[in-house]
Amino acid sequence: MTEASIVLRPAAPSDVSLLFDWVNRPDSLSNKLQTQAPITPARHRAWFAERLADPDSAIWIAERDGEPLGQVRLQRKGGGLEVDIYIAAQARRGRLGGLALAQAARLAAVRWPGVPLLARVKPANRASRRLFLGCGYTVVADRPDQVVYELRRSAGAEA
Numbered sequence: 140m141t142e143a144s145i146v147l148r149p150a151a152p153s154d155v156s157l158l159f160d161w162v163n164r165p166d167s168l169s170n171k172l173q174t175q176a177p178i179t180p181a182r183h184r185a186w187f188a189e190r191l192a193d194p195d196s197a198i199w200i201a202e203r204d205g206e207p208l209g210q211v212r213l214q215r216k217g218g219g220l221e222v223d224i225y226i227a228a229q230a231r232r233g234r235l236g237g238l239a240l241a242q243a244a245r246l247a248a249v250r251w252p253g254v255p256l257l258a259r260v261k262p263a264n265r266a267s268r269r270l271f272l273g274c275g276y277t278v279v280a281d282r283p284d285q286v287v288y289e290l291r292r293s294a295g296a297e298a
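Sequential numbering from 140 applies to the sequence shown in the numbering used here.
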């Protein structure tokens, strides 16, 4: 799979149901750090509207041939951009996650030059741990409840 075979497009208000479905899938909930409880529709709609309006957030939908296959979200917190990624089960073979993260890193470098990307992953989530390491992230904290990865780019650097 080549990078040209996927596109990251900005999330739109019409994506609310798609993201609601993805966030409430068992494979998504089981890897959340803060809660594994399903998200209610009202809570999700409010959160999504806030994220779309927030200049310190970006959500992109990863698509191939117009089919949505996952999402990447960046949210500025403190001195970094926290990364959240979800790839639908049918798209996990191949390198879609890595391609989506690489494109998101390039977009972030333009929007937030020099700001590092941070990913917080459950220690048992081996697939995400491999994904971030394979994309050039380094471990900056290894705690019992989470492993923190960082992708540091200098201002203007390409991903």
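Ideal Cβ placement from N, Cα and C applies to all residues, glycine included.
- At a Cβ-Cβ threshold of 7 Å, ILE198 and PRO207 do not count as neighbours.
- Short of 6 Å from the beta carbon of VAL279, and not among the five residues preceding or following it, lie these beta carbons of its own chain, in chain order: VAL287 and GLU289.
- One alpha carbon belongs to ARG203, the other to THR174, and they sit about 30 Å apart.
- The DSSP-derived three-state label of ASP284 is coil.
- DSSP places GLN173 in the coil class of the three-state scheme, outside both helix and strand.
- Counting only runs of 3+ residues, the beta strand (DSSP E) found wholly inside the segment 236 to 285 occupies 256 to 260 and 277 to 281, in chain order.
- Taking the C-beta atoms as reference points, ARG259 is found nearer than 7 Å to GLN285.
- Of the residues assessed, ALA247 falls on the buried side of the cut-off, its CB having 16 or more other CB atoms within 10 angstroms.
- The three-state secondary structure of ASP154, taken from DSSP, is helix.
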